[in-house]
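Numbers 197 to 318, taken from my numbering, label the letters of the sequence shown in order.
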Amino acid sequence: MKLKLLAALLSVVALSACEHKIQTNGKSLINLNYNQNETVTYYEAIAAYKTLADNYPQAKLLSYGTTDAGKPLHLFVMSKDHDFNPGSIKEAGKTIVLINNGIHPGEPEGIDASIWFADNVL
(Lines of atoms letter the chains of each structure in order from A and count residues from 1; the text may use other names and numbers.)
(Lines give C-alpha, C1' and ligand atoms only; values in the text may rest on other atoms or scores of the structure.)
Protein backbone atom coordinates (compact mmCIF):
# COMPACT_ATOMS: atom_id res chain seq x y z
CA MET A 1 0.00 0.00 0.00
CA LYS A 2 2.79 2.42 0.93
CA LEU A 3 4.58 1.62 -2.33
CA LYS A 4 1.46 2.38 -4.38
CA LEU A 5 0.97 5.67 -2.53
CA LEU A 6 4.60 6.59 -3.12
CA ALA A 7 4.24 5.73 -6.83
CA ALA A 8 1.12 7.91 -7.07
CA LEU A 9 2.86 10.83 -5.39
CA LEU A 10 5.90 10.46 -7.64
CA SER A 11 3.58 10.45 -10.66
CA VAL A 12 2.12 13.75 -9.55
CA VAL A 13 5.63 15.17 -9.14
CA ALA A 14 6.61 13.89 -12.58
CA LEU A 15 3.50 15.39 -14.15
CA SER A 16 4.22 18.71 -12.51
CA ALA A 17 7.50 18.85 -14.42
CA CYS A 18 5.70 18.77 -17.78
CA GLU A 19 6.42 21.61 -20.20
CA HIS A 20 3.74 24.25 -20.65
CA LYS A 21 2.25 24.81 -24.08
CA ILE A 22 1.61 28.44 -23.19
CA GLN A 23 3.14 30.84 -20.71
CA THR A 24 0.69 31.56 -17.92
CA ASN A 25 3.15 33.64 -15.87
CA GLY A 26 2.15 31.66 -12.80
CA LYS A 27 -1.50 32.65 -13.17
CA SER A 28 -4.27 30.10 -13.22
CA LEU A 29 -6.24 29.59 -16.41
CA ILE A 30 -9.30 28.77 -14.31
CA ASN A 31 -11.23 31.20 -12.11
CA LEU A 32 -12.62 29.40 -9.07
CA ASN A 33 -14.71 31.35 -6.55
CA TYR A 34 -13.40 29.91 -3.27
CA ASN A 35 -14.10 32.97 -1.16
CA GLN A 36 -17.60 33.49 -2.51
CA ASN A 37 -19.17 30.29 -1.18
CA GLU A 38 -19.89 29.17 -4.73
CA THR A 39 -18.90 26.25 -6.87
CA VAL A 40 -18.84 25.65 -10.57
CA THR A 41 -21.85 24.26 -12.41
CA TYR A 42 -21.65 21.08 -14.48
CA TYR A 43 -21.13 23.13 -17.63
CA GLU A 44 -18.52 25.38 -16.00
CA ALA A 45 -16.59 22.32 -14.78
CA ILE A 46 -16.53 20.82 -18.27
CA ALA A 47 -15.51 24.21 -19.70
CA ALA A 48 -12.67 24.42 -17.15
CA TYR A 49 -11.31 21.00 -18.14
CA LYS A 50 -11.73 21.90 -21.83
CA THR A 51 -9.72 25.09 -21.22
CA LEU A 52 -6.94 23.05 -19.64
CA ALA A 53 -7.01 20.49 -22.46
CA ASP A 54 -6.94 23.24 -25.09
CA ASN A 55 -3.93 24.93 -23.47
CA TYR A 56 -1.75 22.01 -22.40
CA PRO A 57 -0.60 19.23 -24.74
CA GLN A 58 -0.31 16.92 -21.72
CA ALA A 59 -4.09 16.98 -21.17
CA LYS A 60 -7.12 15.72 -23.03
CA LEU A 61 -10.84 15.73 -22.26
CA LEU A 62 -12.56 12.57 -23.47
CA SER A 63 -16.26 11.68 -23.58
CA TYR A 64 -17.13 8.24 -22.18
CA GLY A 65 -20.84 7.78 -22.72
CA THR A 66 -23.61 9.41 -20.70
CA THR A 67 -24.46 9.86 -17.03
CA ASP A 68 -27.64 8.58 -15.42
CA ALA A 69 -28.99 12.11 -15.91
CA GLY A 70 -28.36 11.85 -19.65
CA LYS A 71 -25.42 14.28 -19.74
CA PRO A 72 -22.07 13.39 -21.29
CA LEU A 73 -19.71 11.53 -18.95
CA HIS A 74 -16.20 12.91 -19.25
CA LEU A 75 -12.72 11.62 -18.51
CA PHE A 76 -9.89 14.13 -18.11
CA VAL A 77 -6.52 12.50 -18.77
CA MET A 78 -3.12 14.01 -18.01
CA SER A 79 -0.10 12.32 -19.60
CA LYS A 80 3.40 13.70 -20.06
CA ASP A 81 3.86 11.15 -22.88
CA HIS A 82 0.69 12.38 -24.64
CA ASP A 83 -0.82 8.89 -24.41
CA PHE A 84 -4.49 9.49 -23.63
CA ASN A 85 -5.77 5.95 -24.15
CA PRO A 86 -6.49 4.44 -20.71
CA GLY A 87 -6.03 0.92 -22.09
CA SER A 88 -2.57 1.54 -23.50
CA ILE A 89 -1.54 3.43 -20.36
CA LYS A 90 -2.53 0.40 -18.28
CA GLU A 91 -0.80 -2.01 -20.68
CA ALA A 92 2.40 0.04 -20.38
CA GLY A 93 2.31 -0.57 -16.63
CA LYS A 94 2.10 3.11 -15.81
CA THR A 95 0.55 4.26 -12.57
CA ILE A 96 -3.01 5.47 -13.03
CA VAL A 97 -4.59 7.77 -10.47
CA LEU A 98 -8.38 7.94 -10.73
CA ILE A 99 -10.10 10.89 -9.11
CA ASN A 100 -13.85 10.39 -9.19
CA ASN A 101 -16.04 13.29 -8.16
CA GLY A 102 -19.29 15.04 -8.87
CA ILE A 103 -21.23 11.84 -8.24
CA HIS A 104 -23.39 13.24 -5.42
CA PRO A 105 -25.17 16.59 -5.31
CA GLY A 106 -24.06 18.93 -2.55
CA GLU A 107 -20.41 17.83 -2.63
CA PRO A 108 -18.83 20.70 -4.57
CA GLU A 109 -15.48 20.82 -2.80
CA GLY A 110 -14.20 17.73 -4.60
CA ILE A 111 -15.05 19.20 -7.99
CA ASP A 112 -13.30 22.50 -7.29
CA ALA A 113 -10.34 20.72 -5.70
CA SER A 114 -9.92 18.46 -8.73
CA ILE A 115 -10.00 21.38 -11.16
CA TRP A 116 -7.49 23.24 -8.97
CA PHE A 117 -5.29 20.11 -8.78
CA ALA A 118 -5.27 19.59 -12.56
CA ASP A 119 -4.58 23.27 -13.20
CA ASN A 120 -1.65 23.27 -10.77
CA VAL A 121 -0.16 19.98 -11.96
CA LEU A 122 -0.21 21.16 -15.55
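The beta-carbon is built from N, C-alpha and C at its ideal position, and this holds for glycine as well. Remember, it's a predicted structure, so these values are computed and weren't measured experimentally.
query: Out of 236, 254, 235, which has the shortest C-alpha to C-alpha gap to residue 277?; result: 254
query: Under 7 Å, do residue 311 and residue 244 count as touching if we go by C-beta distance?; result: yes
query: What does DSSP give as the partner residue(s) for residue 268 in the beta ladder?; result: 262
query: Throw me the rounded Cβ distance for the residue 248 and residue 318 pair, which I believe falls under 8 Å.; result: 6 Å
query: Could you tell me which of 261, 242, 308, 283 sits nearest to residue 272, measuring between CA atoms?; result: 242
query: Assign residue 248 to one of three DSSP states: helix, strand, or coil.; result: helix
query: Per DSSP, what kind of secondary structure is residue 317 in: helix, strand or coil?; result: helix
query: Since residue 253 is in the alpha helix (DSSP H), which residue starts that stretch and which ends it?; result: No alpha helix (DSSP H) holds residue 253; DSSP gives it neither H nor E.
query: Using the beta-carbon count (16 or more within 10 Å), is residue 314 buried or exposed?; result: buried
query: Thinking C-beta only, is residue 297 closer than 7 Å to residue 306?; result: yes
query: Can you name the start and end residues of the alpha helix (DSSP H) that residue 287 belongs to?; result: 282 to 287
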